[in-house]
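Asker:
Residue numbers (the working numbering): 11 to 159.
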């Protein structure tokens with residue numbers, strides 16, 4: 011009888027240890043899944059902010075009156091009085107920039123462009139006399155064109 015009690019006590023001890031071990035393993039697995047999800051959301055937010063921040067920074071490099079819309083959705087940012095500047099446009103789900111000669115009818119050449127980021131939407135709308143609203147997958151922003159008052 012005494013031997014049987016010791017045998018059952020050993021089984022209970024092993025069962026409780028297995029129960030706690032299983033609980034700890036599940037806690038680690040669920041924690042890792044939560045962490046992976048949080049990191050994915052953070053990376054997505056960083057990409058969204060990066061795209062809009064780049065557009066703001068590029069537009070800020072232009073001087074008064076040198077930011078124009080060309081064609082349907084091409085943003086032209088002149089590089090001072092050099093006659094050259096950045097042409098920013100979207101092709102095939104990518105936002106591209108190209109340093110080129112500023113003309114009235116620019117012709118984008120994606121082969122010579124650098125990729126800024128991924129976006130399915132890139133629209134430029136005139137909001138007022140000197141404002142553009144630029145919209146991408148990451149959101150929209152207002153861009154002051156500058157110029158004389």
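Glycine included, every Cβ here is placed at the ideal spot set by N, Cα and C.
Since the model is a prediction, treat every value here as computed from it, not as a measurement.
Look at residue 112 and residue 95 and say whether their C-beta atoms are less than 8 Å apart.
Answerer: Yes. Within cutoff.
Asker: Closest to residue 127 by CA distance: which of 144, 107, 136, 118 is it?
Answerer: Taking only the C-alpha atoms, the option nearest residue 127 is 107.
Asker: For residue 98, report the span of its beta strand (DSSP E) as first-last.
Answerer: Start and end: 94-101.
Asker: Roughly how many angstroms separate the alpha carbons of residue 33 and residue 105, rounded to a whole number?
Answerer: The alpha-carbon atoms of residue 33 and residue 105 are separated by roughly 47 Å.
Asker: Within 8 Å, do at least three Cβ pairs link the segment 35-55 to the segment 131-141?
Answerer: No, because fewer than three Cβ pairs between the segment 131-141 and the segment 35-55 fall closer than 8 Å, the two stretches do not touch.
Asker: Run the CB neighbour count on residue 159, radius 10 Å, all protein chains shown included, and call it buried at 16 or more, exposed below.
Answerer: Residue confidence for residue 159 is low, a pLDDT of 39 falling below 50, so the modelled location carries little weight and cannot support an answer.
Asker: Span of the beta strand (DSSP E) holding residue 136?
Answerer: Per DSSP, residue 136 belongs to the beta strand (DSSP E) from 132-138.
Asker: Which whole-angstrom value is the C-beta distance of residue 152 and residue 143, which I expect to be below 8 Å?
Answerer: So it is a contact: roughly 6 Å between Cβ atoms.
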